[in-house]
Amino acid sequence: MKHKKEPVPALAAAIKYDSVGDSAPKVTASGRGIIAEKIIAIAEENGIPIKNDPDLVQILSKLSVGAEIPVELYRAVAEILAFVYSLNESRRSQNTPAS
Numbered sequence: 479m480k481h482k483k484e485p486v487p488a489l490a491a492a493i494k495y496d497s498v499g500d501s502a503p504k505v506t507a508s509g510r511g512i513i514a515e516k517i518i519a520i521a522e523e524n525g526i527p528i529k530n531d532p533d534l535v536q537i538l539s540k541l542s543v544g545a546e547i548p549v550e551l552y553r554a555v556a557e558i559l560a561f562v563y564s565l566n567e568s569r570r571s572q573n574t575p576a577s
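Just so we're aligned, residue 479 is where the sequence shown starts under this note's numbering, counting upward by one.
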């Protein structure tokens, strides 16, 4: 008798960092299943970069929305923010008309 593996429900978390007002990045959304799919869809619709990191999303999804990320996650989140800033800079330079 073969057992079908149940599909793993989607998991998503969104973070935001305001270097002027925040002391650390904060969780702005988190969810599993349909909610996770909606978070991802909204990000895609708004051109928000998405980084797939299953280990980090597992941890972030356990934090409350509005919570600052713990110090232990600073390095991992810094890498993601660097990735996002790099993408944003590339987009800006592509959209800037040549002089």
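In this text, a Cβ means the ideal position worked out from N, Cα and C, and glycines have one as well.
Worksheet item: If we count the other Cβ atoms within 10 Å of its Cβ and call it buried at 16 or more, is residue 543 buried or exposed?
Response: Residue 543 comes out exposed.
Worksheet entry | Burial state of residue 549 (16 or more Cβ within 10 Å) | By the 10 Å Cβ count, residue 549 comes out exposed.
Discussion item. Suppose contacts are defined by Cβ-Cβ distances below 7 Å. Is residue 502 in contact with residue 547 by that definition?
Written reply: Taking 7 Å as the Cβ cut-off, residue 502 and residue 547 qualify as a contacting pair.
Worksheet entry | Same chain, Cβ closer than 6 Å to residue 541, neighbours up to 5 away in sequence not counted | Setting aside the 5 residues that flank it on each side, residue 541 is surrounded in the same chain by 505, each with a C-beta closer than 6 Å to its C-beta; the list follows chain order.
Practice prompt. Could you please give the first and the last residue of the uninterrupted beta strand (DSSP E) stretch that includes residue 507?
Written response: Per DSSP, residue 507 belongs to the beta strand (DSSP E) from 504 to 510.
Discussion item. For a quick check, are the C-beta atoms of residue 518 and residue 507 less than 7 Å apart?
Written reply: With respect to residue 507, residue 518 sits apart: the two C-beta atoms are not nearer than 7 Å.
Worksheet entry | residue 531 versus residue 493 - alpha carbon distance | Whole-angstrom Cα-Cα distance: 13 Å.
Worksheet item: How is residue 529 classed by DSSP in three states: helix, strand or coil?
Response: Here residue 529 sits in coil by DSSP.
Worksheet item: Looking at the structure shown, is residue 541 part of a helix, part of a strand, or coil, going by DSSP?
Response: It is coil, neither helix nor strand.
Worksheet item: Hey, would you say residue 538 sits closer than 7 Å to residue 488, going by beta carbons?
Response: No Cβ-Cβ contact shorter than 7 Å links residue 538 with residue 488.
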